[in-house]
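Below: one structure, written as structure tokens.
Protein chains: 2
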Amino acid sequence: MATVKEETTEQRILDAAREVFTRKGMAGARMQEVADAAGINKALLHYYFRDKQRLFEGVFKGSAERQFSCIWQVLAESDDLFRGIERFVSAYLDRMLEEPMLPQFLISELNRDPKTLLEYIDRGKAGRAHYLRLFEKARSEHRIIDIDPRELLVNIMALCAHPFIARPMLTHIHGMNDEAFRRMIQKRRKTVPEFIIRSIRA
Amino acid sequence: MATVKEETTEQRILDAAREVFTRKGMAGARMQEVADAAGINKALLHYYFRDKQRLFEGVFKGSAERQFSCIWQVLAESDDLFRGIERFVSAYLDRMLEEPMLPQFLISELNRDPKTLLEYIDRGKAGRAHYLRLFEKARSEHRIIDIDPRELLVNIMALCAHPFIARPMLTHIHGMNDEAFRRMIQKRRKTVPEFIIRSIRA
DNA sequence: AAATGGTTTAACCAAGTAGTTAAAATTGTG
DNA sequence: CACAATTTTAACTACTTGGTTAAACCATTT
Numbered sequence: 061m062a063t064v065k066e067e068t069t070e071q072r073i074l075d076a077a078r079e080v081f082t083r084k085g086m087a088g089a090r091m092q093e094v095a096d097a098a099g100i101n102k103a104l105l106h107y108y109f110r111d112k113q114r115l116f117e118g119v120f121k122g123s124a125e126r127q128f129s130c131i132w133q134v135l136a137e138s139d140d141l142f143r144g145i146e147r148f149v150s151a152y153l154d155r156m157l158e159e160p161m162l163p164q165f166l167i168s169e170l171n172r173d174p175k176t177l178l179e180y181i182d183r184g185k186a187g188r189a190h191y192l193r194l195f196e197k198a199r200s201e202h203r204i205i206d207i208d209p210r211e212l213l214v215n216i217m218a219l220c221a222h223p224f225i226a227r228p229m230l231t232h233i234h235g236m237n238d239e240a241f242r243r244m245i246q247k248r249r250k251t252v253p254e255f256i257i258r259s260i261r262a
Numbered sequence: 061m062a063t064v065k066e067e068t069t070e071q072r073i074l075d076a077a078r079e080v081f082t083r084k085g086m087a088g089a090r091m092q093e094v095a096d097a098a099g100i101n102k103a104l105l106h107y108y109f110r111d112k113q114r115l116f117e118g119v120f121k122g123s124a125e126r127q128f129s130c131i132w133q134v135l136a137e138s139d140d141l142f143r144g145i146e147r148f149v150s151a152y153l154d155r156m157l158e159e160p161m162l163p164q165f166l167i168s169e170l171n172r173d174p175k176t177l178l179e180y181i182d183r184g185k186a187g188r189a190h191y192l193r194l195f196e197k198a199r200s201e202h203r204i205i206d207i208d209p210r211e212l213l214v215n216i217m218a219l220c221a222h223p224f225i226a227r228p229m230l231t232h233i234h235g236m237n238d239e240a241f242r243r244m245i246q247k248r249r250k251t252v253p254e255f256i257i258r259s260i261r262a
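The structure is reproduced here in structure tokens:
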């Protein structure tokens, strides 16, 4: 048993599978391609993950956790809604620049099979509670206009995630290359919180 | 040759294929399922559309046109940015309520194969020109704050499309059923333009 | 009736796919 | 070395899938 290794085989498989599943989706991915990407053979792949579904859920679970954990956390650490929004947006965009296809992957697969996959995003519900507290505080101090907190949260998520989800369409319509896209996201770390707060400040 | 028929067979196939492709995506869809949904057999399906790729592109082309045509049009008919935004958002949300999976379908497939599919959304580039004119006019009249027009357009699209794209996640986190989702979208026909305009008004 | 074109039937093919198996090879461990 | 766990090899299965073929069927038109 290899105890001291830079990387366990199971992790190498999960990394390779994440790359393939993210790019091609569950239906389009091939077990052979995952094995190749992991530098192993199909037999060993099935030795670690019995079938495609289990492998996929392993990948999805990890991706869902990476998406939600660090991002909601910054909200929990904030005690002011405006400041919380600023930090949330920054954290979200920074995170997505590291893994730009993540939101599209999660959303695409959630649409395909919500029944079995929704349980993996319950982390999001905890973050929602933090958010609601911050919102209630700001409202009671009359610092924001009258707005449905759920709707505000949808708007925040939309403004963060959509550029990544619609990236091909967006870069095509505006004639942007990868570098221009990156610059745009960097700008949005400032402009998106401004856009939101200007809209809700009492 | 059946000249007088409620619906041509080719159209029946395209309708069935749209339903299947939208639900399962190009990779997940099966030609047999399309044939069944169209009430014909596989041989006739290939008689009308030589292979899966051609059938898919036929569907995608139609979907992309339905997505962009009527929506950009209301912008062209407006001569004031604020009014244009109001009408654009209303038209977009109304349209999406009729075909809620459309944006997710287009975006998902564009991410999978941008190279061959991006040409089908060039309609969007024409709409962009209308929008830029309205924006320039409002700016020259000092009615809006300093903001990158491309970024504003991204924000508008994001606030319109994201609830539909992220629908399963959204309804799950907020514990909404189909009716609650519909009500939320109806509310957004008013609140989204307000949200945007409050943010950009000089 | 003959011809035409859309449609069905039913079988077929070649390639690909997830998953299995069993034996051999490799590697680390005591 | 001996033992056990990991990894490879290579073949094989059962099944699915896109696509093809050829003959027959049927409704209209000519």
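Line order of the protein sequences matches chains A and B.
Going from the first sequence to the working numbering is simple: count from 1 and add 60.
Going from the second sequence to the working numbering is simple: count from 1 and add 60.
Every residue, glycine too, gets a C-beta built ideally from N, C-alpha and C.
Everything numeric in this text was worked out from a predicted model, so none of it was measured.
- When only Cα atoms are considered, E146(B) and D111(B) end up about 42 Å apart.
- Residue nearest to A151(A) within the set F81(A), D75(A), L135(A) is L135(A) (criterion: CA-CA distance).
- For S123(A), the CB contacts under 7 Å within the same chain, skipping 5 residues up- and downstream, are R78, L162, F165, L166 in chain order.
- Assignment of beta-bridge partners to I204(B) by DSSP yields R261(B).
- With a threshold of 8 Å between beta carbons, G144(B) makes no contact with chain A.
- The beta carbon of I207(B) sits closer than 7 Å to the beta carbons of I260 from its chain, once the five residues preceding and following it are set aside; these are given in chain order.
- Contacts with chain B at 8 Å (Cβ-Cβ) do not include A262(A).
- For L219(B), the nearest CB of chain A lies under 8 Å from its own CB, placing it at the interface with that chain.
- Restricting attention to R248(A), L213(A), P223(A), the CA atom closest to the CA of W132(A) is found in L213(A).
- M156(A) carries a helical assignment under DSSP once its states are collapsed to helix, strand and coil.
- Distance check between M156(B) and each of I256(B), I257(B), R248(B) places R248(B) closest, using alpha-carbon atoms only.
- F120(B) sits close to L177(B), with the two beta carbons spaced by under 8 Å.
- Note on geometry: alpha-carbon atoms of E179(B) and R72(B) lie some 25 Å from one another.
- The way I'd put it, the region 239–255 of chain A doesn't touch the region 74–94 of chain B; fewer than three beta-carbon pairs between them come closer than 8 Å.
- E159(B) and T69(A) have their C-alpha atoms spaced approximately 44 Å apart.
- Annotation for R114(B): the continuous alpha helix (DSSP H) segment containing it runs 112–137.
- Each of A240(A), E125(A), N215(A), E137(A) was checked against the Cα of A189(A), and the nearest Cα belongs to E137(A).
- Measuring C-alpha to C-alpha distances from R126(B) to each of L105(B), M86(B), I181(B), I100(B) identifies I181(B) as the nearest.
- Using a CB distance cut-off of 8 Å, Q164(B) counts as an interface residue toward chain A.
- Between S138(A) and chain B, the shortest Cβ-Cβ separation is not below 8 Å.
- Judged by DSSP secondary structure, Y108(B) falls within the alpha helix (DSSP H) whose first and last residues are 102–108.
- By the CB criterion at 8 Å, M236(B) and M229(B) fall outside the cutoff.
- For S168(B), the nearest CB of chain A lies under 8 Å from its own CB, placing it at the interface with that chain.
- By the Cβ-count criterion, C130(A) is exposed, with fewer than 16 other Cβ atoms from all chains shown falling within 10 Å of its own Cβ.
- Ranking F128(A), R83(A), Q113(A), A95(A) by CA distance to the CA of A186(A) puts F128(A) first.
- Under the Cβ criterion of 8 Å, M229(A) is counted among the residues facing chain B.
- Taken residue by residue, none of the region 90–116 of chain B has a beta-carbon sitting less than 9 Å from a beta-carbon on chain A.
- At least one CB of chain A lies nearer than 8 Å to the CB of P174(B).
- Boundaries of the alpha helix (DSSP H) around R78(B): 69–88.
- Here N171(A) is buried. Its C-beta has 16 or more other C-beta atoms within 10 Å.
- For E211(B), the chain A residues whose Cβ falls inside 8 Å of its Cβ are M244, K247, R248, T251, in order along the chain.
- Residue contact with chain B for A87(A): present (Cβ-Cβ distance below 8 Å to some residue of chain B).
- Around the CB of S200(A), fewer than 16 other CB atoms lie within 10 Å, so the residue is classed as exposed.
- Flagged as an interface residue toward chain A: S259(B), by a C-beta distance shorter than 8 Å.
- Secondary structure at G235(A): coil, using DSSP grouped into helix, strand and coil.
- Cβ-Cβ distances below 7 Å link P209(B) to L192, F195 in the same chain, with the five nearest sequence neighbours on each side left out; the list follows chain order.
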